[in-house]
Amino acid sequence: MSFHVLVVARWYPSWDAPGRGSFVADHVAALRAAGVTVTVASFDPTGVRGNEAARPERAAAAAELLAGSLATVEAETRPIGWGVPGVPVARLPVILDGSRRQPDDVIEAHRRALVPFGVGLDERRPIDVIHAHTGFPDGLAAARLAERLGRPLVTTEHSSTAPGELTDPAARETYRTLVGPGRRVVAVSGSLGRELAGRLGLDVGELGVLPNAVPVDGFPPGEIGARDPHQLLYAGARKTTKGIETLLRAFAELHRDQPNLRLRLIGTPGTPEEEARWRELTDELGVAPAVTFEGHAERAVVAAAMRRAAVFVHPSPRETFGMVAAEALASGLPVAATPSGGVNEIVGPDGRFGELATDRSPAALAEAVRRLLARRESFDPAAMRAHVEASFAAPAVAAHTIELYEAMVGGGRGTASRRPAADRAGAVTGGARDAEPAAPVPFGPPLIVGLVRSLAMSRLAALPPGLAHRLTVVTSTPAAEVGETGGVRGAETAPANGVPAGRWLDLDPERAYRRRLAELGGPAPAGGGLRRLLSAARAPKTERERRNLIARRAELRRQATELFLRAAWEEAGRPAFMLALDADDVLAVEPLLAAGARLAPGGLRWLVDRWDEAGRPTG
1 MSFHVLVVAR
11 WYPSWDAPGR
21 GSFVADHVAA
31 LRAAGVTVTV
41 ASFDPTGVRG
51 NEAARPERAA
61 AAAELLAGSL
71 ATVEAETRPI
81 GWGVPGVPVA
91 RLPVILDGSR
101 RQPDDVIEAH
111 RRALVPFGVG
121 LDERRPIDVI
131 HAHTGFPDGL
141 AAARLAERLG
151 RPLVTTEHSS
161 TAPGELTDPA
171 ARETYRTLVG
181 PGRRVVAVSG
191 SLGRELAGRL
201 GLDVGELGVL
211 PNAVPVDGFP
221 PGEIGARDPH
231 QLLYAGARKT
241 TKGIETLLRA
251 FAELHRDQPN
261 LRLRLIGTPG
271 TPEEEARWRE
281 LTDELGVAPA
291 VTFEGHAERA
301 VVAAAMRRAA
311 VFVHPSPRET
321 FGMVAAEALA
331 SGLPVAATPS
341 GGVNEIVGPD
351 GRFGELATDR
361 SPAALAEAVR
371 RLLARRESFD
381 PAAMRAHVEA
391 SFAAPAVAAH
401 TIELYEAMVG
411 GGRGTASRRP
421 AADRAGAVTG
431 GARDAEPAAP
441 VPFGPPLIVG
451 LVRSLAMSRL
461 AALPPGLAHR
471 LTVVTSTPAA
481 EVGETGGVRG
491 AETAPANGVP
501 AGRWLDLDPE
511 RAYRRRLAEL
521 GGPAPAGGGL
531 RRLLSAARAP
541 KTERERRNLI
551 ARRAELRRQA
561 TELFLRAAWE
571 EAGRPAFMLA
581 LDADDVLAVE
591 PLLAAGARLA
601 PGGLRWLVDR
611 WDEAGRPTG
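1 is the number of the first residue of the sequence shown in the numbering used here; add one for each residue after it.
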């Protein structure tokens, strides 16, 4: 049986965070290799500004304007530099209000973006199953789409914070809607599944286990003779929550007895404060010369390091799965770990694949490493790899996932899709409807609208240089001028003083108001009612005109903005899309839609995906 699956995951690799959600990409790659057609819907958060009371209304209005664009095929891109090359991805703009971050508000914001995209996708290529990764907000947003389309929904829970969030009664009731006819929740480990079941008041059998898919082919086993017997390896983020302090203190204890030992840490650095703390701590502990800190590395680099080291150390106090532990075992590298949940299940309790510390203290972790080093030569690399292949390798996980889909679509655990039988036949036979979309039109840079200059600069500053220099950005600054006919003024800029490359067109939306106010003699006299009464008595017509002008200030600002945007759009040759950076920028573009302008179906992640898909043109 062939399927078209919509994967909904806020964690999915992107240009600005290529390692985020790599486990979701691994699962997508496994399904694709097994013959499943996959489309990914991820999210790109943005905001809404201004008066707090009016924000919900403006956010809803902007989401409604974006909905038409999100329903089109242009919302899909197929980047090759991150994620799974060639798999269609939508980067859906989610408008979040900083003052409204209650769970229901966040879920609703994600629904507003996901539902129009999913409905449009289903019309182009009918969806068989929706598979969300994490319950909040992905699964709960996807539930609305599943209900709208009448499709089964699978939610894989990865999040270590989910059990804690479910202590709230309202959150529990909301989350429980993900379990029932046509819906199934699975956890990435048995330990997480037991926690979820306990919080939700469900029998553990009502939740399944679907582990992450480990790309074992990318982690070939190392030769014992090629390993450095004195090197300990850690790979992962260097955040405090990952147990880095425990690791460094445990290493210092080991180093006192075995001064030849060295510790290599590879992975995304923590905050600047955290990184400074780790280096200060190695100095305090006297082990700085024996500790190496390295940045984020591609998997091939990590795999090579795993073939070189003697022991992999996993100090995290909490893991729902433990991908790097499984990768280490696939490489024939034994693991010493603190008890953390998911890693316990990967390493196992019998010592064949590594050592589990008795508790989460540095002393206990040091003792686990010491025990492992003492019997390092007794481990069987082939047995370690076979263990990972049987339980966590991509083909095994894909097969398990497809069995779950078949049961749900066929009415096993859930209800069958409400799609007519004639349509469903196409899904089963793998007809043309399962083909991935044709390549979009050649890349053409959109006109960027970011009317708050500081925000636009900060967001565009990190864009790839080969793309940034091609962009035209409409922004606003009091120092700029707008011509009487709405003509635009701008300049080519280079990356200097924090200004990203490209052409920046500066709008002064208050110019017409200020000029007219000056013609009337400036603002009303300050200093109290008597002066204003005297001014009105001396020039009553001028005072009325001044008051009317002040009342029309917001209207004049809108007119100036519309005039400038229209001129910029025309001057740019009416590009295919206008890309708005936040909700208020979306609303500013609205008057131009009637003239043929189109809102881009995404933000900067969508833009970079399109550029990458097109071969990163620079001309």
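A virtual CB, placed ideally from N, CA and C, is assigned to each residue, including glycine. Every value quoted in this text rests on a predicted model; they were computed, and no experiment measured them.
query	result
Under 9 Å between C-beta atoms of Val313 and Val291	no
Exposure label - Thr628; buried when at least 16 CB within 10 Å	Since the first and last residues shown for the chain are 1 and 619, residue 628 lies out of range.
C-beta contact flag for Gly79 and Asp508 at 9 Å	This sequence places Pro at residue 79; Gly is not what is there. Their beta carbons are not under 9 Å apart, which means Pro79 does not touch Asp508 by this criterion.
Extent of the continuous beta strand (DSSP E) run through Glu355	354–356
Outcome for Glu64 when other beta-carbon atoms lying within 10 angstroms are tallied against a minimum of 16	exposed
N- and C-terminal bounds of the beta strand (DSSP E) containing Arg100	From DSSP, Arg100 is part of no beta strand (DSSP E); its letter is neither H nor E.
At least 3 beta-carbon pairs within less than 8 Å: the stretch 240–254 vs the stretch 217–226	no
Contiguous alpha helix (DSSP H) assignments of at least 4 residues, all confined to the stretch 23–88	55–70
Simplified DSSP state of Pro575, which is helix, strand or coil	coil
For Phe219, three-class secondary structure by DSSP	coil
At least 3 beta-carbon pairs within less than 8 Å: the stretch 295–314 vs the stretch 323–334	yes
Sequence-distant residues of its chain with Cβ nearer than 7 Å to Val38 (five each side left out)	Val5, Val7, Val28, Leu31, Arg32, Val87
Reduced DSSP category for Ile130 - H, G, I as helix; E, B as strand; rest coil	strand
For Asp44 and Leu285, the rounded distance between their alpha carbons	42 Å
Beta-carbon contacts of Trp606 that lie in its chain and below 6 Å, excluding the five residues immediately before and after	Arg91
Other residues of its chain near Ala326: CB distance less than 7 Å, five sequence neighbours each side excluded	Val214, Ile346, Val388, Phe392
From Asp257, Ala551, Pro395, Glu590, residue whose alpha carbon lies closest to that of Val36	Pro395
Selected residue, minimal CA-CA separation from Ala226, among Glu377, Ala512, Val474, Tyr12	Glu377
Other residues of its chain near Trp15: CB distance less than 8 Å, five sequence neighbours each side excluded	Pro79, Gly81, Trp82, Pro464, Arg605, Val608, Asp609, Asp612
Under the three-state DSSP convention, the category Arg135 falls into	The question names Arg, yet the displayed sequence has Gly at residue 135. Three-state DSSP puts Gly135 in a helix.
N-terminal and C-terminal residue of the alpha helix (DSSP H) that Ala468 is part of	465–468
Identity of the residues DSSP links to Phe312 by a beta bridge	Leu233, Val335
DSSP state of Arg176 mapped onto helix, strand, coil	helix
Cα-Cα separation between Gly527 and Glu543, rounded to whole angstroms	Reliability of the predicted coordinates at Gly527 is poor, the pLDDT of 49 falling under 50, and no value is obtained from them.
For Pro591, three-class secondary structure by DSSP	helix
Proximity winner among Gly295, Arg238, Val119, relative to Glu274 (alpha-carbon distances)	Arg238
Contact test: Glu195 Cβ vs the ligand FMN heavy atom, cutoff 8 Å	This structure lacks the ligand FMN; in fact it carries no ligand of any kind.
Euclidean distance between Cα positions of Lys242 and Ala368	18 Å
Assigned secondary structure, Trp504 (DSSP; H/G/I helix, E/B strand, else coil)	strand
Whole-Å CB distance - Ser99 paired with Glu57, under 8 Å assumed	The pair is not a contact, with the Cβ atoms about 13 Å apart (cut-off 8 Å).
Start and end residues, alpha helix (DSSP H) containing Phe293	First-last for Phe293: 291–294, but that is the beta strand (DSSP E), not the alpha helix (DSSP H).
Unbroken beta strand (DSSP E) run spanning His158, endpoints	Where His158 is concerned, there is no enclosing beta strand (DSSP E), given that its DSSP letter is neither H nor E.
Own chain residues within Cβ distance below 8 Å of Arg20, not counting five before or after	Trp11, Tyr12, Pro13, Ser14
Whole-angstrom distance between Tyr175 and Phe3, CA atom to CA atom	26 Å
Range of the contiguous beta strand (DSSP E) that encloses Val473	472–476
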